[in-house]
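Written out below as structure tokens is the structure these notes cover.
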Amino acid sequence: MKDRYSEILKTSIIGIIANVLLVAAKAAIGWIANSISIMLDAVNNLADAISSVVTIIGIKLAGKAPDKKHPFGYGRTEYISTLAISVIILYAGITAGIESVKGIIEPTKPEYNGVMLIILGIAAVVKVALGLFYRKKGKDTNSDSLKATGADSLFDSVISAATIVAAVIFLCFNVSLEAYLGAIISLIIIRSGVEILRETLSKILGEGASVELVKKIKQSIAAHDGVQGAYDLIFHNYGENVYVASVHIEVVDSMNANEIDVLIRHITDDIYKEFGVLLTAIGIYSHNTMDEDIIKMRENVSRIAVAYDNVHQVHGFYVNINDKIMRFDMVISFDEKDRISLYNKVIDDLKKEYPEYEISAGMDSDFNEI
């Protein structure tokens with residue numbers, strides 16, 4: 016974790032230095048050339064530098080050790096820093112839009128020369144390199160803040176290139192596209208900010224873990240001797256790559272309490288070592304292997320339920336033959352428009368099949384939709 020924070024910190028510092036240099040160069044050129052688009056490009060680079068500062072602050076706070084108030088640490092601070100970056104980008108875009116509209120209403124003519132265009136060309140190349148650098152480091156460290164800044168830097172390179180094109184058009188045809196280009200730039204910046212904001216809010220609200228991770232963990236749990244299946248795997252995210260989870264496992268009914276205790280400890284240790292996920296709770300379902308009637312009943316109930324398209328599975332099956340009670344969990348997909356109606360249809364079918372039984376079924380959700 017320290018290596019990740021260190022890598023993000025180094026990347027952000029490099030970004031700050033590069034963007035500050037670009038701001039100085041573009042601001043000087045924009046002021047000398049009386050160019051709205053170049054000045055706005057400089058402001059956009061300044062927003063990038065501020066974003067990198069915010070990323071550093073966020074990563075420092077996210078690396079704080081857990082305490083009584085926040086026992087799972089401060090990892091989610093990283094999401095808040097990304098949220099702040101999106102707001103900065105939106106502010107830059109809106110400001111650029113306002114200035115561009117003013118330029119359209121009261122147009123001014125810029126004054127370019129060849130040296131300015133060469134400097135702007137170099138700046139565009141630097142932004143491409145910086146954007147690719149940010150994006151690579153963002154993927155390597157799984158940092159949303161770096162990914163967001165990388166995407167914004169690549170947008171900036173397009174903006175810089177467009178500014179050069181506008182300057183060439185003015186020098187060749189004496190037609191100023193400054194203000195109109197500025198308006199387009201502002202829209203691109205605003206769109207980028209909105210996308211980052213939407214993605215970050217989604218993570219703050221809570222997203223399921225990746226399907227690949229869920230499959231691997233369930234397969235790893237099911238591979239332990241005595242485990243018939245792993246169900247209801249629920250993740251809680253406390254920052255990038257910081258997960259705690261709970262799960263239900265189905266074990267054969269011949270296992271005693273001591274054997275189950277040993278099994279649970281092995282599963283908890285193995286999952287943490289292999290995936291870095293802390294299983295805070297493991298619930299137990301008993302899998303009947305001794306009563307042939309119950310085994311047939313379980314298979315028949317499962318067959319009836321999964322005959323419906325959006326019923327994924329039946330698990331946690333339990334039957335008390337003497338008291339005529341049947342219990343199980345039924346997983347219904349979030350893709351089903353009316354989950355309650357589908358649940359009731361399945362229960363009605365089962366009541367017709369087993370009229371003498373009291374059926375108590377939980378409508379379960381596959382939180383990871385696999």
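Position 142, counted from 1, in the sequence shown is what the working numbering calls 157; the numbers after and before it change by one each time, with no gaps. Backbone N, C-alpha and C define an ideal beta-carbon position, used for all residues, glycine too. Treat the numbers as computed from the prediction; the structure is a model and nothing was measured.
Practice problem: Name, in chain order, the residues that DSSP records as bridge partners for H263. | Solution: According to DSSP, which records beta bridges pairwise, H263 is partnered with Y246 and G298.
task: Can you check the stretch 87-157 for any beta strand (DSSP E) of at least 3 residues that lies completely inside it and give the ranges in chain order?
output: Complete beta strand (DSSP E) runs here, min 3: none at all.
| field | Spatial distance of G197 from D285 (CA atoms) | value | If I take the Cα positions, the gap works out to 56 Å.
Requested in this report: Starting from the Cα of L161, find the closest Cα among S66, E265 and S348 and give me that residue.
Outcome: Ranking the options by Cα distance to L161, first place goes to S66.
**Request:** Could you tell me whether the stretch 123-133 touches the stretch 246-254, where touching means 3 or more Cβ pairs closer than 8 Å?
**Result:** At 8 Å Cβ cutoff, the stretches do not touch.
- Message: Helix, strand or coil, according to DSSP, for D240 in the structure here?
- Response: Here D240 sits in coil by DSSP.
TODO: Give the C-beta separation of I199 and N59 to the nearest angstrom, bearing in mind that I take them to be a contact with Cβ-Cβ under 8 Å.
DONE: Taking the Cβ atoms as the reference, I199 lies roughly 13 Å from N59, outside the contact range of under 8 Å.
Tell me which residue opens and which closes the beta strand (DSSP E) that S317 is part of. Counting along the chain, S317 falls outside any beta strand (DSSP E), though it belongs to the alpha helix (DSSP H) covering E307 to V321.
| In the structure shown, what three-state DSSP assignment does I340 receive? | Here I340 sits in strand by DSSP.
query: Can you pull the DSSP bridge partners for H251?
result: In the DSSP output, where bridge partners are listed per residue, H251 has V259.
* Throw me the rounded Cβ distance for the G208 and L98 pair, which I believe falls under 8 Å. => Contact between G208 and L98 is ruled out by a C-beta separation of about 11 Å, above the 8 Å threshold.
- Message: Please state the DSSP three-state secondary structure of Y372.
- Response: Coil at Y372, not helix or strand.
Open item on the list: Let me check you understand the geometry: is the CB of C187 closer than 6 Å to at least one non-hydrogen atom of the ligand GDP?
Closed with: As presented, the structure is devoid of all ligands, the ligand GDP included, so that no description of it is given.
key: Cβ shell of M378 (< 7 Å), same chain only, five flanking positions each side left out   = Counting only Cβ-Cβ distances below 7 Å, and skipping sequence neighbours, we find M345, I347, R354 and Y358.
Report task. Please go through the same chain and pick out, in chain order, the residues whose beta-carbon is closer than 7 Å to the beta-carbon of V267, but skip the five residues on each side of it. Result -> Excluding sequence positions up to five before and after V267, its CB lies within less than 7 Å of the CB of G241, Q243, H302 and T304, all in the same chain and listed in chain order.
Leaving out five residues before and five after V38 in sequence, what residues of the same chain have Cβ atoms less than 7 Å from its Cβ?
In the same chain as V38, and ignoring 5 residues on each side of it, the C-beta atoms closer than 7 Å to its own belong to A57, N60, L61 and A64, in chain order.
Next on the checklist: Suppose you measure from the CA of S168 to the CA of V229; what does that come to, to the nearest Å?
Outcome noted: S168 and V229: Cα-Cα distance of roughly 33 Å.
Considering only their Cβ atoms, is the gap separating K79 from Y89 smaller than 7 Å? Using a Cβ distance threshold of 7 Å, Y89 and K79 count as a contacting pair.
Leaving out five residues on either side along the sequence, give the residues of the same chain with a beta carbon under 6 Å from the beta carbon of T92. Closer than 6 Å at Cβ, skipping near neighbours: G73, L76 and A77.
Problem set entry | Whole alpha helix (DSSP H) elements within the stretch 157-223, 4-residue minimum | Within the stretch 157-223, the complete alpha helix (DSSP H) runs of at least 4 residues are 159-188 and 193-220.
Through-space distance from F290 to I232, alpha-carbon basis: In a straight line, the C-alpha of I232 is about 8 Å away from that of F290.
K41 vs I32 beta-carbon contact at 7 Å: Between K41 and I32, the C-beta spacing is not below 7 Å.
DSSP on N49, reduced to helix/strand/coil? DSSP, reduced to helix, strand and coil, places N49 outside both helices and strands of the structure shown, so it counts as coil.
### Message
Assuming Y20 and I119 are in contact, meaning their beta carbons sit under 8 Å apart, how far apart are those beta carbons, in whole angstroms?
### Response
45 Å between Cβ atoms; not a contact.
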